[in-house]
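Shown next, in structure tokens, is the structure this report addresses.
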């Protein structure tokens, strides 16, 4: 599809879009949305008017910064198709987004894949639940063609295989030490469909034999029969015993404080059960003394309730919970970083296991570091001390922020070596004054060399502390004023450019101080109307000497309205008398910039702009326009103008009389008077006009509103504007009653 074309193409594209079941949004090369189909409105919950004509990132702000944005931009750049999946939070659905290149942009196809994603998530949940169990799925066959279709990681571990792929390449019967047991199992499944806890001997990949049991059932999956089998190792009990022994050894010898909490019914009560030796050593609490006690009993109501809130969260979430808490314990430890995890038996949380670490000292260090970093971050000045020879003895870390220097790089150097050559003498003079007058404080601006070799404007305030131990130096507090200095220079240059522009454009500025009853004009005011540049005791009556009498009332009314705060600004066009006594058109624009506590205007600024030439041109154009309108209105001939699209924009009274249609019936519509069976007669005329030819005395026929074909003489020409074709002019003379 393309972002441009003739109307027929657009219609065809629109029909195609509506027949597509996917949501489709078409973008041009500027990422503007050109169109969307009805499915896009429904699936994406977007109104067509809120999509078409808007930028794609405005329509889909949640795509910004995502893979979808990268794919769309990649297709726009490489002209290659891209695909991604995204979740739309607004409509709570998953979509596959396919991006297709176009002649002038891209087309986005959104396919709803929510059901598929939910199925995948459901399968993933089951796999996470069953993944640790030794489970296999195989086709329900009785011959030698048995094969696995799915195995879990738990089965990989039980059969000591390298991977799931290694198991999938083996036949299920390979793992039965006694082939007869395998045959009997298959026969039972074929006969009854279910076998539970049947004793068998397994043979692992390495050749070891394991005593165990199988529980299996025959299930229909996708229309085919499969055996789903759970393998269990009967020898695990001895392994459990060994595991418990190892766990207890770890519990007793762990360096972190480990504790067990019994969970009461409905998680309404928590009691300490076991503590390891590290817990007793680090907290000063004895296991025998707190076993069976609640956190409130051990740590007090406030701290105990905080702990219980974490315990309840762990029980509710059935997942580990991390927290840091302050606890009153006999040892010096106050802050403990802790993780607790649930022990789940028969789908019920019966106990919590926790591991805690004393972080009191670490927390104190972190607080000190945070305070120091905060001070460094907010410091806007760097502090330096220099001796009487101007050698830098100390520089604070903030010098790195201001000038990019490592403080150590400045220590031992002469301060003046870092100062711009043009500024050294003045700074050295101020340092000399400070040395001679220890009680003084000096402030100096100068350019300081940055680490990259550039210069930054800084301002230093210095005091003499040579006699103060342990400082014994001149202390400089220095801040970066580059932006302020550049802003001042920019303002100076801006004022200079403004003054030049005002002078060149013959613009007068005025500054009216109402408290001082004074108004100040620039020199252009004198050149414009011949009054002095300063007018003391100014009030509006003075305007009456220079403003045309016909303009005084409206100008006074507008000024008073603005002074009263009724308008945002004062803007009037008036005639002012020049020194020669002539009247000159002037636009006067102003705005109140200060008011007192009562809201009374106290100061206003504004401009007088010479618009005399423009007003005379406008008056001339207005007279010409009025003349043309009178000619068109009075003409006995029909005068019609159509725009470049062929729609009527002018239809005079002569046209109403000749063709019968009133102006309101045809404006904005195609010309109605072409004979229905000969619309092509108009095309050669347009061709001649577009070639620059003006048609004179062409006799033709045009259809009236009543259906009559009336003979007319047509004169027509093309109308061009600054940007090309504007339309076509046609003058029709009625020949029906003429012998010509």
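In UniProt numbering, the protein residues as written are 1 to 740. For every residue, glycine included, the Cβ atom is placed at its ideal position computed from N, Cα and C. From a predicted model like this one, the values you see are computed outputs, not experimental measurements.
- In the assembly as shown, residue 138 is a buried residue. Its beta-carbon has 16 or more other beta-carbons within 10 Å.
- Nearest to residue 719 by C-alpha distance, out of 700, 732, 734 and 691, is 691.
- For residue 635, the secondary structure class from DSSP, reduced to helix, strand or coil, is coil.
- In the structure shown, the three-state DSSP call for residue 356 is strand.
- With contacts defined as CB atoms closer than 8 Å, residue 340 and residue 353 qualify as a contacting pair.
- Distance from the CA atom of residue 80 to the CA atom of residue 100, rounded to whole angstroms, is 7 Å.
- Residue 466 and residue 474 have their C-alpha atoms roughly 6 Å apart.
- At the C-beta level, residue 325 and residue 338 come within 8 Å of one another.
- Taking the C-beta atoms as reference points, residue 82 is found nearer than 8 Å to residue 74.
- Per DSSP, residue 199 is one residue of the beta strand (DSSP E) stretching across 194-203.
- In terms of Cα proximity to residue 670, the closest of 654, 657, 644 and 658 is 644.
- About 6 Å separates the beta carbons of residue 585 and residue 573, which is inside the 8 Å limit, making them a contact pair.
- By the neighbour-count criterion, in which 16 or more other beta carbons inside 10 Å mark a residue as buried, residue 514 falls on the buried side.
- Checking the DSSP bridge columns, you'll see residue 457 partnered with 447.
- Each of 735, 686 and 710 was checked against the Cα of residue 727, and the nearest Cα belongs to 686.
- Within the DSSP secondary-structure output, residue 670 pairs in a beta bridge with 647.
- Counting only the Cα atoms, residue 700 lies some 10 Å from residue 733.
- Here the C-alpha atom of residue 390 lies approximately 23 Å from the C-alpha atom of residue 452.
- The beta carbon of residue 113 lies closer than 6 Å to those of 94 and 96 in the same chain, with the five residues before and after it left out.
- Remark: three or more beta-carbon pairs, one from each stretch, lie closer than 8 Å, so the region 210-221 and the region 186-194 are flagged as touching.
- In this chain, the alpha helix (DSSP H) harbouring residue 57 covers 56-59.
- DSSP places residue 591 inside the beta strand (DSSP E), whose first and last residues are 583-595.
- Unbroken beta strand (DSSP E) runs of no fewer than 3 residues, entirely contained in the region 203-230, are found at 209-221, following chain order.
- Secondary structure note for residue 393: it is in no alpha helix (DSSP H), and the uninterrupted beta strand (DSSP E) holding it is 392-395.
- Residue 481 sits in coil when the DSSP states are folded into three classes, being neither helix nor strand.
- For residue 611, there is no enclosing beta strand (DSSP E), since its DSSP letter is neither H nor E.
- For residue 257, the uninterrupted beta strand (DSSP E) segment begins and ends at 257-263.
- When 302, 347, 303 and 332 are compared, the shortest CA-CA separation from residue 316 is found for 347.
- Membership of residue 381 in the beta strand (DSSP E) is indicated by the continuous run 381-386.
- Residue 474 has 386 and 464 as its beta-bridge partners, per DSSP.
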